[in-house]
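Visitor: Residue numbers (the UniProt record's numbering): 1 to 184.
1. Return the bridge partner residues of residue 95 from the DSSP annotation.
2. Thinking just about the alpha-carbon of each residue, which of 72, 62, 66 is nearest to the one in residue 86?
3. Provide the residue(s) that pair with residue 30 in DSSP beta bridges, ordered along the chain.
4. Grab me the residues of residue 23's own chain with a C-beta within less than 6 Å of its C-beta, minus the 5 sequence neighbours each way, in chain order.
5. Measuring alpha carbon to alpha carbon, tell me which residue in 77, 88, 90 is nearest residue 30.
6. Run through DSSP, which three-state label would residue 118 get?
7. Say whether the segment 46-60 touches the segment 88-95, bearing in mind that this needs 3 or more beta-carbon pairs closer than 8 Å, one atom from each stretch.
8. What's the call for residue 4, buried or exposed, on a 16-neighbour Cβ count within 10 Å?
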């Protein structure tokens, strides 16, 4: 879980509820799977920058978290929305290129100990199960859908042209290309 503690420590002053802690973990999992965070909100903004840290004001709305990501190769963009519902969160991820959606519902009490959110070592529980649920519910489906779309939209390759077809100095034959000669 390299990097989670550092990320949590950088975000700790802003973490005030179990939802914040879960979104921090979710962000870390997305970043460790090859993405950079871009910013908050549905649309790109002037303050967007690629970063592994959570963006400024990432938790300004405790009912709805909206984060945007871009793959490190720039090929994929994700829009992540996490909605607070009673004792849990519903997480939706949209991949912009394919318009595919993956979702996951998590119970906060299963993974977050709300008693002491200031102590990283006490905040998370069942971390391997949480990682597994995020990967199987969000990361893997998005990657599989993106791969399927990429394979389906492969460009058609034409066979290589022969030297006879390509040579710009070649003088075409005086005979038509058909095998039959005219009757005259």
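By construction, the Cβ of each residue, glycine as well, lies at the ideal position given by its N, Cα and C atoms.
Guide: In short, the structure shows the following:
1. 78, 100
2. 62
3. Looking at the DSSP assignment, residue 30 forms no beta bridge with any residue, so it has no partner.
4. 65, 82
5. 77
6. coil
7. no
8. buried
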